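Residue numbers (mature numbering (1 follows the signal peptide of the UniProt record, and there is no 0)): -19 to -1, 1 to 291.
Where a beta carbon is used, it is the ideal one built from N, C-alpha and C, also for glycine.
Predicted model, so just to flag it, every value in this text is computed and none were measured.
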């Protein structure tokens, strides 16, 4: 007889032998979720296993999701769109709302570039299809420029940081904690940030295979609630959280604290406003030819998981 979700939840929370077989393979970016949950002690007393895989950026994380190498992972709004456009069997199950101050176009501290308009004819490093790419395009549009007015260099965050330092690019469009690291080490100056340009949405995305597995789906529901609780704890314990985050990502504590404190983030269930924001992002990318045809984003959202708010 097919197990009910309630029966599976009882098994997961009672520590039965069957529950021990449930393993969630979670993809993370630079310690994001792992650091929060560890600092908030939300990884204690789990009745399923977590296998962590860390990625430097969303693109390789999305590839791992698309390939089914992981069950779930944290991903920005733009990479989620590219995943959908590629026909991946992945759904966003919860959304993190945050202030996108750490999403920024950086230039060298001594750069003569003072405004986004000064980027005309310059080289900008970012990840193709990343939230950094989105930020650069939005900033250019606001300044009356287009992607044809600049030269994009698509690089990993590590390579982009080096390229900015040695002058082989004029600007780097990136996100926290890389932005914060550049600021506290005085290796980058913010030209423009994402406030007013980006939705600030990030998603917990899960594969269809994981969502169709009842035991994993129940484990994912528990994971989402723990993640939301960890975020609430971190927002009220920035110093303690930053210490853990700094150790996990190998960044100075000052950078870790700066990157988190300004986010003011919280997790919530998928709602219509979030879907509308994602549709706007999809239409924006189609406008610049990064997505070849108009996408209906609704099929990439899953509303079956709830997010506890206390």
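Asked	Found
Where residue 127 falls, given that 16 or more other Cβ within 10 Å makes a residue buried	exposed
Own chain residues within Cβ distance below 7 Å of residue 255, not counting five before or after	76 and 182
Whether residue 61 touches residue 272 by CB criterion (9 Å)	no
Cα-Cα separation, residue 226 to residue 240	10 Å
Presumed contact (8 Å Cβ cut-off) between residue 288 and residue 249, rounded CB distance	5 Å
Stretch-stretch touch, CB-based, cutoff 8 Å, three pairs: the stretch 157 to 172 with the stretch 139 to 146	yes
Span of the beta strand (DSSP E), counted from its first residue to its last, around residue 265	Looking at the DSSP string, residue 265 is not in any beta strand (DSSP E); the run it does join, the alpha helix (DSSP H), is 253 to 268.
Check whether residue 58 and residue 154 have beta carbons under 9 Å apart	no
Residue 292, buried or exposed, once every other Cβ within 10 Å from all chains shown has been counted against 16	In the structure as shown, the chain starts at -19 and stops at 291, and residue 292 therefore has no counterpart that could be examined.
Beta carbon of residue 84 nearer than 9 Å to that of residue 174	yes
C-beta atoms of residue 51 and residue 65 nearer than 9 Å	no
Whole-Å CB distance - residue 37 paired with residue 11, under 8 Å assumed	7 Å
Distance CB(residue 131)-CB(residue 105) smaller than 9 Å	yes
Residue 38, DSSP secondary structure in three states	coil
Where residue 290 falls: helix, strand or coil (DSSP)	coil
Whether residue 135 touches residue 265 by CB criterion (9 Å)	no
Local conformation of residue 55 per DSSP, three classes	strand
DSSP three-state assignment for residue 187, whether helix, strand or coil	strand
Extent of the continuous alpha helix (DSSP H) run through residue 77	Segment 71 to 78 is the beta strand (DSSP E) holding residue 77; no alpha helix (DSSP H) there.
Opposing strand residues paired with residue 9 [DSSP bridges]	35
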